[in-house]
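Chemist: Input: one structure, supplied below.
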Amino acid sequence: MTMLRRSLIGVCQLTSTGDKERNFTECQALVREGAERGVKFLFLPEAFDYVAPSQEQTLSQAEPLEGDLIQRYLHLA
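Following full-length UniProt numbering, the numbering of the sequence shown begins with 1 at its first residue and continues without gaps.
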């Protein structure tokens, strides 16, 4: 008989805003809580990093993949 391994997954919900630092702080708390609960895979919603009220504002807040904020998210993984 084959033994099945089980992994705990987490699915998070949050309301992102145009405040990228606030969004990061909320995501960081969710990731830490998941880790404390033994979560192995954690899923954040699309646009978890920020949501701006207009396309122009969204584009003006865009950052490169090598940027500080994205690097901070990578370190949460």
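We put the CB at the ideal spot given by N, CA and C, even for glycine.
Quick caveat: nothing in here was measured; it's all calculated off a predicted structure.
Which stretch, first to last residue, makes up the alpha helix (DSSP H) that contains G34?
Modeler: K20 to E36 is the span of the alpha helix (DSSP H), which, as asked, contains G34.
Chemist: Residue range of the beta strand (DSSP E) that L42 falls in?
Modeler: First-last of the beta strand (DSSP E) with L42: F41 to F43.
Chemist: Could you tell me how far apart the beta carbons of I9 and V39 are, in whole angstroms, since I believe they sit closer than 8 Å?
Modeler: Contact holds; Cβ gap of about 7 Å.
Chemist: Name the residue from P45, A29 and T17 whose alpha carbon lies nearest to the alpha carbon of residue 93.
Modeler: Within the shown structure, residues of the chain are numbered from 1 to 77, placing residue 93 beyond reach of any answer.
Chemist: By the DSSP assignment, the alpha helix (DSSP H) with E60 in it spans what residues?
Modeler: Per the sequence shown, residue 60 should be read as Ser rather than Glu. Segment Q55 to S60, the alpha helix (DSSP H) holding S60.
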